[in-house]
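J.: One structure follows; several queries about it will come next.
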Amino acid sequence: MIPVALQTAVRHVVGEAETEQGVVGWGEAFSRCEDKSLKAMIEARVLPLVIGRSALEIGKIKYDLEFQLQNFGRVGPIVYGVSAVDIALWDILGKISGRD
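So the sequence shown is numbered by this note's numbering: it starts at 1 and just counts up by one.
Next up, the structure:
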């Protein structure tokens, strides 16, 4: 029997979303590979579709992101990036509603 060593490397990218009123929400994405490529993908593909929109349109933003990015697949960095934005928006909503 050949011994097998499993190495699990999970990299995290933590980001913040800030409203024009200064409310900050935190979101997190993880990658099983390189966190630099995940960060670059979020900056290049996800954030341009979010910037300037109302942070309270969480469902619409998530739907639009998934629809507009579907050609990149439904797994991996795209989904992780969309999740990070979703988490940050829910954090903002919680803070605005006093449930932080």
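We put the beta carbon where it would ideally sit given N, CA and C, even for glycine.
#1: To the nearest angstrom, how far is the alpha carbon of Glu66 from that of Gly22?
#2: How would you call Val44, buried or exposed, if buried means at least 16 neighbouring beta carbons within 10 angstroms?
#3: Rounded to the nearest angstrom, what separates Lys39 and Pro48 at their Cα positions?
#4: Quick check: the Cα distance between Ile78 and Asn71, rounded to an integer number of angstroms?
#5: Closest to Gly52 by CA distance: which of Val24, Gly94 and Glu18 is it?
#6: Rounded to the nearest angstrom, what separates Arg32 and Val13 at their Cα positions?
#7: Just to confirm my understanding: we take Asp86, look at its own chain, exclude 5 residues before and 5 after, and list those with CB closer than 6 Å. What are they?
#8: Which stretch, first to last residue, makes up the beta strand (DSSP E) that contains Phe30?
#9: Taking Pro77 as part of the alpha helix (DSSP H), name the residues at either end of that continuous run.
#10: From the DSSP output, in three-state form, read off Leu6 for me.
T.: From the atom records:
#1: Mapped onto the sequence shown, residue 66 falls at position 66. Mapped onto the sequence shown, residue 22 falls at position 22. Between Glu66 and Gly22, the C-alpha separation is close to 27 Å.
#2: Here the question's residue 44 lines up with position 44 in the sequence shown. Sequence inspection shows Ala at residue 44; the Val mentioned does not correspond to that position. So Ala44 ends up on the exposed side.
#3: Counted from its first residue, the sequence shown places residue 39 at position 39. Counted from its first residue, the sequence shown places residue 48 at position 48. Straight-line Cα distance between these residues: approximately 13 Å.
#4: For the purposes of this step, residue 78 is taken as residue 78 along the sequence shown, with counting starting at 1. For the purposes of this step, residue 71 is taken as residue 71 along the sequence shown, with counting starting at 1. Their Cα atoms are separated by approximately 10 Å.
#5: On the sequence shown, residue 52 is found 52 positions in, with the first residue counted as 1. Checked all of Val24, Gly94 and Glu18; the closest Cα to Gly52 is Glu18.
#6: Walking along the sequence shown from the start, residue 32 turns up at place 32. Walking along the sequence shown from the start, residue 13 turns up at place 13. Answer to the nearest angstrom: the Cα atoms are 11 Å apart.
#7: As a first step, residue 86 is located in the sequence shown; it is residue number 86 there, counting from the start. The residues are Lys62.
#8: In the sequence shown, residue 30 corresponds to position 30, counting from 1. Looking at the DSSP string, the run of the beta strand (DSSP E) that includes Phe30 is Val24 to Ser31.
#9: As a first step, residue 77 is located in the sequence shown; it is residue number 77 there, counting from the start. That run of the alpha helix (DSSP H) goes Pro77 to Ile96.
#10: The sequence position of residue 6 within the sequence shown is 6, counting from 1. In this predicted model, Leu6 has a pLDDT of only 42, less than 50, meaning its place in the structure is not dependable enough to derive any value.
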